[in-house]
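Working notes, structure below.
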Amino acid sequence: MTSRWRSRWSPAPCVQAPSSTPASGAWSTGPPIPRPAPYAPSTACSKTTGSTTEPRSCPESWKSPAPRCSQISSGTSAVPELPEVESIRLALLPTVAGRIVRRVDVRTRSVIAMPGDPPAGITRSRCRAPPARLQRRLLLQGCTIERIERRGKQLGIVSTEGPALCVQLGMTGGLSLTDLPRPHEHIVWTLDDGSRLAFSDPRRFGLIGAHADVDDLMAVRWSTLGPDALRLRAADLARACDGSHRAIKALLLDQRALAGVGNIYADESLFDSGVHPCTPAAILPPESIARLALSIRRVLRAAVRSGGSSIRDFRSVHGHAGDYQMRHRVYARAGRPCPRCGTTLERIVVAQRGTVFCPTCQAAIG
197 MTSRWRSRWS PAPCVQAPSS TPASGAWSTG PPIPRPAPYA PSTACSKTTG STTEPRSCPE
257 SWKSPAPRCS QISSGTSAVP ELPEVESIRL ALLPTVAGRI VRRVDVRTRS VIAMPGDPPA
317 GITRSRCRAP PARLQRRLLL QGCTIERIER RGKQLGIVST EGPALCVQLG MTGGLSLTDL
377 PRPHEHIVWT LDDGSRLAFS DPRRFGLIGA HADVDDLMAV RWSTLGPDAL RLRAADLARA
437 CDGSHRAIKA LLLDQRALAG VGNIYADESL FDSGVHPCTP AAILPPESIA RLALSIRRVL
497 RAAVRSGGSS IRDFRSVHGH AGDYQMRHRV YARAGRPCPR CGTTLERIVV AQRGTVFCPT
557 CQAAIG
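Plus 196 on top of the position in the sequence shown (first one is 1) and you've got this note's numbering.
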């Protein structure tokens, strides 16, 4: 391989996300995102109890082989989860369905995975080989958009002619319908009515996967995903929990077990169902599993109705912020009183993710 290919396609270093406050004359993201009042983060290696800070560990009976729970604080998540992605799908569908893609402008090749590229993309796979030939037909140029599907946190844009795209937003990715260019646009689809659909991603953790048809998309991208969380049944969750010694929250975050739930809605669903996040999945009784499955569906549907949670970067395709973050009951609220019983909410880390729960409403089993 020549040095020219190495220099051109070697992985680029991470780029810091831009400030949420644009400079004078810069593009604006719209009205400010509504946010709850600020909270004081917990001290590292401790739990927050309001006025005091003290060490905390999981129940002794869960030490081994049960899941590990630590107390190191982590930052606030900003990754779009199922409600945010479903909100994008619902907003896009009436606008782009039936439209013909007249032109595809590719500005950043590394965010695209063509057939022949590593499925995770050139940059994330640290691929040293030349990229596959860019086929604009597989990026929907000249195709009619038939429908938009979703599985977990991923979108599938399917054309009448066959080619289909898998859209993974990553941490800061988004799709927008706008007449004006936005910062960090990597791909722009111009439709037959003159509207432009753009994929932007400041940190470039998102990906556009090009596929010959929807069957190939499902085989390559969605075959390893668990059941979609918005249609989760108690039997699906019971199968995922069976024999698993992982913490129930760690299992909920595993997209192979359950597709669509991330840190925000795992915390909210566990609180809604009264399940302690460190509980080993295998010991959850059937009634708790049924209650948790119901809570997951209920929380996700409420979040979709609110347009998702806009904590940092997320905006709808029309630039609007969601407002479900104003209805969070435990996520990012460590040190505040429980909205049910008034007990101070505690913060730990499960599966390397900051986790907030009520020690009274979500009492440990055993």
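Virtual Cβ for every residue (Gly too), placed ideally from N, Cα, C. These numbers were taken from a predicted model, which means no experiment stands behind them.
### Query
Which residues share a DSSP beta bridge with GLY550?
In the sequence shown, residue 550 corresponds to position 354, counting from 1. Among the bridge pairs identified by DSSP, GLY550 is matched with VAL545.
### Message
Quick check on DSSP: helix, strand or coil for GLN364?
### Response
As a working note, residue 364 is residue 168 in the sequence shown. Reduced to three states, the DSSP call for GLN364 is strand.
### Residue nearest to ALA486 in terms of C-alpha spacing, selected from LEU335, ASP468, PRO533
On the sequence shown, position 290 is the one that residue 486 refers to. Among LEU335, ASP468, PRO533, the Cα nearest to that of ALA486 is on ASP468.
### For CYS343, the first and last residue of its enclosing beta strand (DSSP E)
In the sequence shown, the residue the question calls residue 343 occupies position 147. Checking the sequence shown, residue 343 turns out to be Arg, not Cys. DSSP places ARG343 inside the beta strand (DSSP E), whose first and last residues are 341 to 347.
### Query
For chain B, is any of its Cβ atoms less than 9 Å away from the one on GLY402?
Going by chain labels, chain B is absent from the structure shown, which holds only one protein chain.
### Task
Would you mind sorting PRO359 into buried or exposed? The rule is 16 or more other CB atoms within 10 Å of its CB.
Looking up residue 359 in the sequence shown gives position 163. Per the 10 Å Cβ criterion, buried.
### Where the beta strand (DSSP E) containing ASP301 begins and where it ends
Taking the first residue of the sequence shown as position 1, residue 301 is located at position 105. Taken as a continuous stretch (DSSP letters only), the beta strand (DSSP E) holding ASP301 covers 297 to 302.
### Integer-rounded CB distance, given that VAL513 should sit under 8 Å from LEU373
The sequence position of residue 373 within the sequence shown is 177, counting from 1. The sequence position of residue 513 within the sequence shown is 317, counting from 1. Going by Cβ atoms, the distance from LEU373 to VAL513 rounds to 5 Å, so yes, they are a contact pair.
### Message
If distances are taken between C-alpha atoms only, which option among ARG324, HIS524, SER306, VAL281 comes closest to ILE141?
### Response
The chain is shown from 197 up to 562; residue 141 falls before or after that span and cannot be answered.
#### Entry: Start-to-end residues for the alpha helix (DSSP H) that takes in GLU483
Residue 483 sits at position 287 when you count from the first residue of the sequence shown. In this chain, the alpha helix (DSSP H) harbouring GLU483 covers 482 to 501.
### Query
Assuming SER396 contacts GLY366 under a Cβ cut-off of 8 Å, what Cβ separation, rounded to an integer in Å, is found between them?
For the purposes of this step, residue 396 is taken as residue 200 along the sequence shown, with counting starting at 1. For the purposes of this step, residue 366 is taken as residue 170 along the sequence shown, with counting starting at 1. About 11 Å separates the two Cβ atoms, so there is no contact after all.
### Task
Would you mind stating whether ASP463 and VAL545 have Cβ atoms separated by less than 9 Å?
Here the question's residue 463 lines up with position 267 in the sequence shown. Here the question's residue 545 lines up with position 349 in the sequence shown. No. Outside cutoff.
### Residues near GLY402 by beta carbon distance below 6 Å, same chain, minus five either side
Locating residue 402 in the sequence shown gives position 206, counting from the first residue. Result list for GLY402: GLN364, LEU365, GLY366, GLY369, in chain order.
### Message
Let's see if you can read the secondary structure: which residues bound the beta strand (DSSP E) around ALA446?
### Response
Along the sequence shown, one-based indexing puts residue 446 at 250. Where ALA446 is concerned, there is no enclosing beta strand (DSSP E), although the alpha helix (DSSP H) it sits in stretches over 444 to 449.
### Query
Can you give the Cα-Cα distance for SER283 and CYS557, rounded to whole angstroms?
The residue you call residue 283 lines up with position 87 of the sequence shown. The residue you call residue 557 lines up with position 361 of the sequence shown. For SER283 and CYS557, the distance between alpha carbons rounds to 30 Å.
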